[in-house]
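Colleague: Let me give you the structure first, and then I'll get to my questions.
What follows is the structure in structure tokens.
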């Protein structure tokens, strides 16, 4: 990468807000994606281009590859539309891995069939990474709480290895994302999963904000597992979050009050930038912020904050 011209991307979850589309709710955004995908994606792409990034990480529907293909008529037409706007696909998030039922042995073949189709599309798009998170932990202290111990990690490692093999066959690298309150969140969790999984098939996608929310040191984690880094989410956090929240879908909303774009929290971005530059993960710099009303402004502010740090960082070895 030209050290004086940083390249930025964004995970599309940043645009997961009704105000971005002039709608009344997120549910209305999802309906628009199902009923009028072209209308939704035209607005989405306008906003992405306006934010100043040139790469995207696909995510949940309707910001996924299938809805994008439906919007423009085919996967080839979708990629042509992106290219015509100066955009590329750098990776894709795989939401299914968050659902324990999708990882069950009896459902594995269906999961892997979907992963194979997704990975083939990402490879066609020129992407390099497939990313997914572990399922949520059990609510702390609940009657049926299941601890995250070696047995838990070993059981999850099997489907993760399967996904990693499919990704590898498509020419991609698979990385586990450090989602808050998931089975792979705390520094100890991350170390366990990296120990239990084969580096040939499973890597790491550290999210600076989520590691910080758990009381961890995001820079230390990235340094410790530099050889496993597949991608990274550049997101900030204002500090730690409670371990004692009720762990269901609502917890993801709770995270948002603590998260923001780089420069709005406590992450040491100069040190993080040095680690990521050395690891070759700054082309693009993959920004993330969770579902905000003004993503264009926030992303542009993050680019302004990070650009001097990227220009000052030593070149990758």
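Residue numbers (the numbering used here): 1201 to 1517. We put the beta carbon where it would ideally sit given N, CA and C, even for glycine.
Can you tell me whether residue 1219 is helix, strand or coil according to DSSP?
Modeller: Translated into the one-based positions of the chain shown, residue 1219 becomes position 19. Note: residue 1219 maps to helix in three-state DSSP.
Colleague: Do the stretch 1212 to 1221 and the stretch 1231 to 1244 meet, that is, are 3 or more Cβ pairs less than 8 Å apart?
Modeller: Touching, yes.
Colleague: Would you identify the three-state DSSP class for residue 1407, choosing helix, strand or coil?
Modeller: Against the chain shown, residue 1407 aligns to sequence position 207. Assigned with DSSP and collapsed to three states, residue 1407 falls in strand.
Colleague: Pick out whichever of 1336, 1411 and 1386 has its Cα sitting closest to the Cα of residue 1452.
Modeller: Sequence index remark: in the chain shown, residue 1452 carries index 252 (1-based). Comparing Cα-Cα distances from residue 1452 to each of 1336, 1411 and 1386, the minimum goes to 1336.
Colleague: Mind listing, in chain order, the continuous alpha helix (DSSP H) runs of no fewer than 4 residues lying wholly within the stretch 1306 to 1340?
Modeller: 1308 to 1325
Colleague: How long is the line joining the alpha carbons of residue 1454 and residue 1358, rounded to whole angstroms?
Modeller: Here residue 1454 refers to the residue found at position 254 of the chain shown. Here residue 1358 refers to the residue found at position 158 of the chain shown. Answer to the nearest angstrom: the Cα atoms are 30 Å apart.
Colleague: Identify, in the order they occur along the chain, each residue of the same chain with its Cβ nearer than 8 Å to the Cβ of residue 1500, setting aside the five sequence neighbours on each side.
Modeller: Counted from its first residue, the chain shown places residue 1500 at position 300. These residues qualify, in order along the chain: 1251 and 1252.
Colleague: What does the Cβ neighbour count give for residue 1392, buried or exposed, with the cut at 16 atoms within 10 Å?
Modeller: In the chain shown, the residue the question calls residue 1392 occupies position 192. When all chains shown are included, residue 1392 counts as buried.
Colleague: Could you tell me which whole beta strand (DSSP E) segments of length 3 or greater appear in the stretch 1222 to 1264?
Modeller: 1255 to 1258
Colleague: Where does residue 1485 sit, in a helix, a strand or coil, going by DSSP?
Modeller: If you number the chain shown from 1, residue 1485 lands on position 285. It is a strand residue.
Colleague: Less than 8 Å between the beta carbons of residue 1363 and residue 1289, yes or no?
Modeller: Indexing the chain shown from 1 puts residue 1363 at position 163. Indexing the chain shown from 1 puts residue 1289 at position 89. Going by C-beta atoms, residue 1363 is not nearer than 8 Å to residue 1289.
Colleague: Below 8 Å CB to CB, which residues in the same chain sit around residue 1254 once its five sequence neighbours on both sides are set aside?
Modeller: Residue 1254 sits at position 54 when you count from the first residue of the chain shown. Here the set comprises 1207, 1208, 1209, 1286, 1287, 1288 and 1484.
Colleague: In chain order, which alpha helix (DSSP H) runs of at least 4 residues are fully inside the stretch 1432 to 1482?
Modeller: 1450 to 1456 and 1469 to 1478
Colleague: Is it buried or exposed, residue 1259, if we count other Cβ atoms within 10 angstroms and call 16 or more buried?
Modeller: By 1-based counting over the chain shown, the position of residue 1259 is 59. Only buried fits residue 1259, as 16 or more other CB atoms lie within 10 angstroms of its CB.
Colleague: Mapping the DSSP letters down to three states, classify residue 1208 as helix, strand or coil.
Modeller: Indexing the chain shown from 1 puts residue 1208 at position 8. Three-state result, residue 1208: strand.
Colleague: Alpha carbon to alpha carbon, how far is residue 1273 from residue 1404? Give it in angstroms, no decimals.
Modeller: Start at 1 with the first residue of the chain shown, and residue 1404 comes out as number 204. Start at 1 with the first residue of the chain shown, and residue 1273 comes out as number 73. One C-alpha to the other measures close to 34 Å.
Colleague: Determine which residues share a DSSP beta bridge with residue 1289 and list them.
Modeller: On the chain shown, position 89 is the one that residue 1289 refers to. The partner list for residue 1289 (beta bridge, DSSP) reads 1256.
Colleague: Could you pull out every residue in the same chain whose Cβ sits closer than 8 Å to the Cβ of residue 1297, ignoring the five residues on either side in sequence?
Modeller: Residue numbering aside, residue 1297 sits at position 97 when the chain shown is read from its first letter. Within the same chain, residue 1297 has close Cβ partners 1303, 1332, 1333, 1334, 1335, 1359, 1360 and 1363.
Colleague: Among residues of its own chain, excluding the 5 on either side of residue 1205, which ones have a beta-carbon nearer than 8 Å to its beta-carbon?
Modeller: As a working note, residue 1205 is residue 5 in the chain shown. The answer is none, since no qualifying residue turns up.
Colleague: Quick check on DSSP: helix, strand or coil for residue 1375?
Modeller: Numbered from 1 along the chain shown, position 175 holds the residue referred to as residue 1375. Strand at residue 1375.
Colleague: State the CB to CB distance for the pair residue 1291 and residue 1322, rounded to an integer number of angstroms; the pair is presumed to be in contact (CB under 8 Å).
Modeller: Along the chain shown, read from residue 1 onward, the residue named residue 1291 stands at position 91. Along the chain shown, read from residue 1 onward, the residue named residue 1322 stands at position 122. About 7 Å separates the beta carbon of residue 1291 from that of residue 1322, a gap short enough to meet the 8 Å contact definition.
Colleague: Taking only three categories from DSSP, how would you classify residue 1515?
Modeller: Locating residue 1515 in the chain shown gives position 315, where the first residue counts as 1. Coil.
Colleague: Excluding the 5 residues flanking residue 1423 on each side, which residues of the same chain have their C-beta closer than 7 Å to its C-beta?
Modeller: Within the chain shown, numbered from 1, the residue matching residue 1423 stands at position 223. Contacts found: 1475.
Colleague: Count the other CB atoms within 10 Å of the CB of residue 1270; is the residue buried (16 or more) or exposed (fewer)?
Modeller: Stepping through the chain shown from its first residue, residue 1270 is reached at position 70. Buried is the call here.
Colleague: Considering residue 1299, what are the terminal residues of the alpha helix (DSSP H) in which it resides?
Modeller: Locating residue 1299 in the chain shown gives position 99, counting from the first residue. According to the DSSP assignment, residue 1299 belongs to no alpha helix (DSSP H), since it is labelled neither H nor E.
Colleague: Would you kindly check if the distance between the Cβ of residue 1489 and the Cβ of residue 1466 is under 8 Å?
Modeller: By one-based count along the chain shown, residue 1466 stands at place 266. By one-based count along the chain shown, residue 1489 stands at place 289. Contact flag unset, no.
Colleague: Rounded to whole angstroms, how far is the Cβ of residue 1367 from the Cβ of residue 1408, which I believe are closer than 8 Å?
Modeller: Looking up residue 1367 in the chain shown gives position 167. Looking up residue 1408 in the chain shown gives position 208. That pair is no contact at about 23 Å.
Colleague: Under 8 Å, do residue 1338 and residue 1447 count as touching if we go by C-beta distance?
Modeller: To locate residue 1338, count along the chain shown from 1; it is residue 138. To locate residue 1447, count along the chain shown from 1; it is residue 247. Yes, the pair counts as a contact, with Cβ atoms nearer than the cut-off.
Colleague: When you compare only the Cα positions, how much space is there between residue 1517 and residue 1377?
Modeller: As a position in the chain shown, residue 1517 is number 317, starting the count at 1. As a position in the chain shown, residue 1377 is number 177, starting the count at 1. Because residue 1517 sits at a pLDDT of 46, beneath the cut-off of 50, its placement in the model cannot be relied upon, and the point is left open.
Colleague: According to DSSP, residue 1382 sits in a beta bridge with which residue or residues?
Modeller: Start at 1 with the first residue of the chain shown, and residue 1382 comes out as number 182. Looking at the DSSP assignment, residue 1382 forms a beta bridge with 1336.
Colleague: Which partner residues of residue 1413 appear in the DSSP bridge assignment?
Modeller: The sequence position of residue 1413 within the chain shown is 213, counting from 1. Paired residues: none, contrary to the question.
Colleague: Rounded to the nearest angstrom, how far is the Cβ of residue 1343 from that of residue 1352, given a contact under 8 Å?
Modeller: As a position in the chain shown, residue 1343 is number 143, starting the count at 1. As a position in the chain shown, residue 1352 is number 152, starting the count at 1. Contact between residue 1343 and residue 1352 does not hold, since their C-beta atoms are separated by about 18 Å, which reaches or exceeds 8 Å.
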